[in-house]
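Enquirer: This is the structure I have questions about; it appears just below.
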Amino acid sequence: MSTRQSKNKITFNRVKKLNYKIFFSDLVKAFRGDGFFRRFTPIVRERISFPFTKVDYGRNKSDNESGGSQLKIWCTNDYLNMSHDDDVIDEMVSVIRRVGTGSGGTRNISGTTPYHQRLEKTLAELHNKEGALIFNSAYLANQTSIWTVCKALNDICVFSDSLNHASLIQGIKNSNSECKIFKHNNLEDLEKLLKETDINRPKLIVFESLYSMDGTIVEVDKYVALAKKYNALTYLDEVHAVGLYGDKGRGIAAKLGVADQVDIINGTLAKSFGQIGGYIVADSYLLEYIRSFAPGFIFTTSIMPSVAAAAAKSIELVKEADHKRSHVMKHAKYLRDKLTSYGIPFIDSESHIVPVMAFDSELAKSYSKKLNEEYGIYVQPIFYPTVSKKSARLRITITPKHNKQDIDELVNALAMVTGKMLPKNNTTESNVKFSSASI
C-alpha cells in the first residue's frame, strides 16, 4: 500500500490491502508535524497544599512517593475548589459506605436511586425549572439532547454561534439538521438569519452564556427576545456560569431574569460543583420527551449514587458561597489590571476566565514549558482544535485559594517568558481586546 499525505488529509492506493497501523500512524504524524499533538501532565491535587500540585510521572517508586515536582496550578476548572470541601467529601464517603460505588444499572433498569432524584430536584429548583435530567457528562447531555430534539422536529433549522462548544456542534451535526452559523455573540447577524427563515419552520437557537475560551459573557435576555419574536426554541449552555454568576450562583440567565424563559439549559456538575456529570433542566413536556428518546440518557449506566449525593451537597453549599464568588471575581479583575500594566496581550472580559494570548501554538507551548520549569507554574497551553489556528493561548482561572501575591508572582513570570519585562506607564495600549472570532 502506498500513502500520500497532503496537509492533514491522507489518501491511499486501494489496490493493496490497507494497513490500518500505518494509516492511523500517518494521521498522528501529520498532526504532530503541525504542532497540535498534546501531552498529558499527570498531577496530584492534594487538598492540604492546593493551589500547589505535584507532577507525578511515576518513573520510579521514589518519584511516586514524593509526588515529583511541585507546581502552582492556574488552569483548573474546579472553580470554587468544591472537590476539596470537607462536607462534600464526607457526604460522598458516607453514601459509598452505605450503598457502594456503582449505581447498578441504567436509569430505567435499577439505576435510579433517591440520590439521583434528590439531585435532579435540587437542579430544577436552582434554575427555576419543572425538572432536570442527569447525564454522565455535560458533553453527553448536549450532544444527545440536541440530537433528540432535532430528530423530533421535521425540517428544523438550527442557529449556532460560531464559537459554540464541540459538544453542541456535534449534537447538531449528528441530527443532520440544517444549521445556520451566526457570528460570535452577534445578535444582528442572528436576526438576519432568522428573518431569512420561514416563520412557520421549526427553529432552535443554540448558544452559551459564557464562552470558556474567550470569557465572553452573553446577553441571554436579548437572545430570548429574538427567539420569541421568531418562534424559536432556545438551548443554552451555562456550564461555565452556573455556581459563579447570579443570585446564589444560579447562572447568567437567572441573573438577567430569563432562566424560566429559556427552553433548555445545560450545566455541569464538574466545574463550580467539583464533581463529575452533566445535566439539563427544562419544563416537563421537553424533559419527558428527552428521557424517553435520548440514547445517551437511556442506554448507559447512571452516575454513581455517591457522586449524585456529593453534587447535591455541593450545590447546597455553593448557593451560600457569595464570599467565594466575590473572591474569584475581584482577583480576576486584579489579574487583568496587572496584565494590562505590563502590556501582556489578553482577552479582556468581565468573567473569571483570563486568556493570555500567544497566538502561535509552538509559542504557547514554549511559554507553558518555561513557566513550568523556571517558575514552578502550571498553565496548560490551549491551541487547535480547541481554539482556531493562530489563536493559541494560556487560559488562566482564579480560584478562592489564589491570592494577590500569587497573582503578582504569576504576572511577573509571564512578563519574563513573554518578554514584557517592565510595567507600562501608559496602560491604554495594552488594554486591547482580542477575540478568537477575529484572529
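Numbered according to my numbering, the sequence shown spans residues 1 to 439. Just so it is clear, CB atoms sit at the ideal spot from N, CA and C, and this is done for glycine as well.
#1: May I ask which residues mark the beginning and end of the alpha helix (DSSP H) holding P305?
#2: Counting only beta-carbon separations shorter than 8 Å, does I109 have a partner in chain C?
#3: Under DSSP, the beta strand (DSSP E) around S160 begins and ends at which residues?
#4: Whole-angstrom Cβ separation of V239 and K271, contact assumed at under 8 Å?
#5: In this structure, does DSSP put R291 in helix, strand or coil?
#6: Quick one: what does DSSP say I396 is sitting in, helix, strand or coil?
#7: Would you kindly check if the distance between the Cβ of L339 and the Cβ of V411 is under 8 Å?
#8: Are the CB atoms of N81 and T397 within a distance shorter than 8 Å?
#9: If you draw a straight line from the C-alpha of Y367 to the C-alpha of G215, how long is it?
#10: Ignoring anything shorter than 3 residues, give me the beta strand (DSSP E) runs that lie fully in the stretch 38-126, in order along the chain.
#11: Per DSSP, which one or two residues make a beta bridge with A413?
#12: Taking the alpha carbon of Q70 as the reference point, which residue from N372, R291, L414, L27 has its own alpha carbon closest?
#13: Based on DSSP bridge pairs, tell me the residues matched to V206.
#14: Is S302 near T122, with beta carbons less than 8 Å apart?
#15: Using DSSP with H/G/I as helix, E/B as strand and the rest coil, what is A270?
#16: For the beta strand (DSSP E) containing I280, name the first residue and the last one.
#17: Given that a residue counts as buried once 16 or more other Cβ atoms are within 10 Å of its Cβ, and exposed if not, what is I172?
#18: Rounded to the nearest angstrom, what separates F182 and I252 at their Cα positions?
#19: Would the stretch 153-169 count as touching the stretch 192-209 if we require 3 or more Cβ pairs under 8 Å?
#20: One question on the structure: do V220 and V158 come within less than 8 Å of each other, judged by their Cβ atoms?
#21: For S66, which residues of its own chain have a beta-carbon under 6 Å away from its beta-carbon, when the five flanking residues on both sides are left out?
#22: Relative to the C-alpha of A311, which candidate in E362, G35, D337, Y115 has its C-alpha closest?
#23: With C-beta atoms as the reference, is V356 less than 8 Å away from R393?
#24: With a 10 Å radius around its C-beta and 16 neighbouring C-beta atoms as the bar for buried, classify L18 as buried or exposed.
#25: Straight-line CA distance for S103 to S110?
#26: Can you tell which of P202, S351, K390 has its C-alpha closest to the C-alpha of G35?
#27: In terms of alpha-carbon separation, which member of L236, E320, K369 lies closest to Q143?
#28: Among residues of its own chain, excluding the 5 on either side of K151, which ones have a beta-carbon nearer than 8 Å to its beta-carbon?
#29: What residue does the beta strand (DSSP E) around I344 start on, and which one ends it?
#30: Which of the three DSSP states is assigned to I265 in this structure?
#31: Would you say the stretch 341-350 touches the stretch 21-31, given that touching needs at least three Cβ pairs under 8 Å?
#32: Among H402, I382, A30, H331, whose alpha-carbon lies nearest the alpha-carbon of F40?
#33: Which same chain residues end up closer than 6 Å to A254 when comparing Cβ atoms and leaving out the 5 residues on each side of it in sequence?
#34: Is DSSP giving Y223 helix, strand or coil here?
#35: CA-CA distance, Q380 and N266?
#36: Answer with buried or exposed for Q405, where buried requires no fewer than 16 other C-beta atoms within 10 angstroms of its C-beta.
Expert: In this structure, then:
#1: 305-319
#2: Considering every chain present, this structure includes no chain C. It has just one protein chain.
#3: From DSSP, the beta strand (DSSP E) with S160 extends over 157-161.
#4: Between V239 and K271, the beta carbon gap of about 6 Å places them in contact (Cβ cut-off 8 Å).
#5: Of the three classes helix, strand and coil, the one that applies to R291 here is helix, per DSSP.
#6: Collapsing the DSSP output to three states places I396 in a strand.
#7: yes
#8: no
#9: 21 Å
#10: 52-55, 70-73
#11: Its beta-bridge partners do not exist; DSSP assigns none.
#12: With distances taken between Cα atoms, Q70 lies closest to N372.
#13: S160, Y235, per the DSSP bridge assignment.
#14: With respect to T122, S302 sits apart: the two C-beta atoms are not nearer than 8 Å.
#15: DSSP, read as helix, strand or coil, puts A270 in coil.
#16: Per DSSP, the unbroken beta strand (DSSP E) holding I280 starts and ends at 278-282.
#17: Per the 10 Å Cβ criterion, buried.
#18: 21 Å
#19: yes
#20: No. Outside cutoff.
#21: Confidence is the limiting factor: at S66 the pLDDT is only 42, short of 50, which leaves the residue's position unreliable, though a coordinate-based value still follows. Excluding sequence neighbours, S66 sits near nothing in its chain.
#22: Y115
#23: yes
#24: exposed
#25: 8 Å
#26: That would be K390, whose Cα lies nearest to the Cα of G35.
#27: With distances taken between Cα atoms, Q143 lies closest to L236.
#28: S175, F293
#29: Careful: I344 lies outside any beta strand (DSSP E) and carries neither H nor E.
#30: strand
#31: With the rule of 3 Cβ pairs closer than 8 Å, the stretch 341-350 does not count as touching the stretch 21-31.
#32: I382
#33: G246
#34: helix
#35: 26 Å
#36: exposed
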